[in-house]
Ligand code: NI
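Below you can see the structure in the form of structure tokens.
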């Protein structure tokens, strides 16, 4: 027996039109898959933020930063911050984007508080031009 449930949603016509356009641009075949992904995204986010929730939950994040390696001491500062949190930095990929800029991609793993603290510290470091963190989990409770 299937666990699938069909439900109806009332929506403004223009909003639905914009949604469908976005789906098609992103390669979704139908609304159901897009809505499932939106729901999962929200639930992963919620799961992530529940510090007192499932303690065995694997919390992970992918952090990217772009910075100018010519700026004095910046490379050293960023490396020092990562070494201070060596248990949270699971893996690092460094790419020399051009003659000035570096892209660093880090996979972080640990408690929500440790990951957020480290991510915010790196992104807010003076000289980091752009930083972004994506939070994720194994989503073990999600279908
Ligand atoms: Ni570099």
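Numbering (my numbering), first residue to last: 12 to 154. Positions of the beta carbon are idealized from the N, C-alpha and C atoms, including for glycine.
Does residue i have its Cβ less than 7 Å from a Cβ in chain C?
i	result
residue 45	Reference to chain C is not applicable here, since this structure consists of a single protein chain.
Tell me which residues share the same chain as residue i and place their Cβ nearer than 8 Å to its Cβ, disregarding the 5 neighbours each side in the sequence.
i	result
residue 8	Look at the range of the chain in this structure, 12 to 154, and you will see that residue 8 is not part of it.
Taking only three categories from DSSP, how would you classify residue i?
i	result
residue 118	strand
residue 140	strand
residue 110	coil
residue 23	coil
residue 77	strand
residue 99	coil
residue 104	strand
residue 130	helix
residue 47	helix
residue 35	helix
Starting from the C-beta of residue i, find all residues in its chain whose C-beta is less than 7 Å away, skip the five residues before and the five after it, and write them out in chain order.
i	result
residue 138	78, 79, 82, 85
residue 105	113, 115
Verify whether the separation of the beta carbon atoms of residue i and residue j is less than 7 Å.
i	j	result
residue 119	residue 126	yes
residue 148	residue 59	yes
residue 121	residue 144	no
Which residues in the same chain have their Cβ closer than 6 Å to the Cβ of residue i, if we skip the five residues on either side of it in sequence?
i	result
residue 146	59, 72
residue 172	Only positions 12 to 154 of the chain appear in the structure, and residue 172 is not among them; the question remains open.
residue 93	100
According to DSSP, residue i sits in a beta bridge with which residue or residues?
i	result
residue 146	72
**OP:** Taking 6 Å as the limit, tell me which residues put their C-beta closer than that to any heavy atom of the ligand NI, in chain order.
**Re:** Those residues having their beta-carbon less than 6 Å away from any non-hydrogen atom of the ligand NI are, in chain order, 80, 105, 107, 113.
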